[in-house]
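Read through the structure below, which is laid out as structure tokens, and then see the notes.
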Amino acid sequence: MPPGQVLSLVRDGPTLLDVVPLVCKRWRHLARDAAAWASAELRVRGEYATRDQLVADLRVLLHAPHLRRLELRLSDVYTHQTEEDAMKVGGARIGIS
Numbered sequence: 012m013p014p015g016q017v018l019s020l021v022r023d024g025p026t027l028l029d030v031v032p033l034v035c036k037r038w039r040h041l042a043r044d045a046a047a048w049a050s051a052e053l054r055v056r057g058e059y060a061t062r063d064q065l066v067a068d069l070r071v072l073l074h075a076p077h078l079r080r081l082e083l084r085l086s087d088v089y090t091h092q093t094e095e096d097a098m099k100v101g102g103a104r105i106g107i108s
């Protein structure tokens, strides 16, 4: 299976951002491609022990050109200024279903 197809199986946004690029230079390049992010997901729940853990997950938004799914528990997260700023800077489009 070619690396591009392997990366399409990686669904976890933080893994695609922080782990996959460490494999080799080619995978680092592929992990930045929009196609790799087409199957990636990010869940932000508001159940974080520290603010740093939340910010670490949200930084995925800054690097994710095409997330397949973004799950937010708005009642827990949306009221915090840091999260609002991360979403704006990341250019995230938010859809309510």
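For the sequence shown, the numbering used here begins at 12 and goes up steadily by one. The C-beta atom is built at its ideal place from N, Cα and C for all residues, glycine as well.
Legend entry - Which listed residue (VAL71, SER19, LEU18, LEU41) has its alpha carbon closest to that of ARG54: As a position in the sequence shown, residue 54 is number 43, starting the count at 1. Comparing alpha-carbon positions, the option among VAL71, SER19, LEU18, LEU41 lying closest to ARG54 turns out to be VAL71.
Legend entry - Limits of the unbroken beta strand (DSSP E) element including LEU53: Mapped onto the sequence shown, residue 53 falls at position 42. Per DSSP, LEU53 belongs to the beta strand (DSSP E) from 52–55.
Inset, instruction - Would you mind stating whether LEU20 and LEU41 have Cβ atoms separated by less than 8 Å? - result: The sequence position of residue 20 within the sequence shown is 9, counting from 1. The sequence position of residue 41 within the sequence shown is 30, counting from 1. No, they are not a contact pair.
Inset, instruction - Following the continuous alpha helix (DSSP H) through LEU73, name the residue where it begins and the one where it ends. - result: Working through the sequence shown from its first residue, we reach residue 73 at position 62. Run containing LEU73: 71–74, per the alpha helix (DSSP H) assignment.
Inset, instruction - Could you say which of ASP23, ARG37, CYS35 lies nearest to ALA75 if we only look at CA atoms? - result: If you number the sequence shown from 1, residue 75 lands on position 64. The option with the nearest alpha carbon to ALA75 is ASP23.
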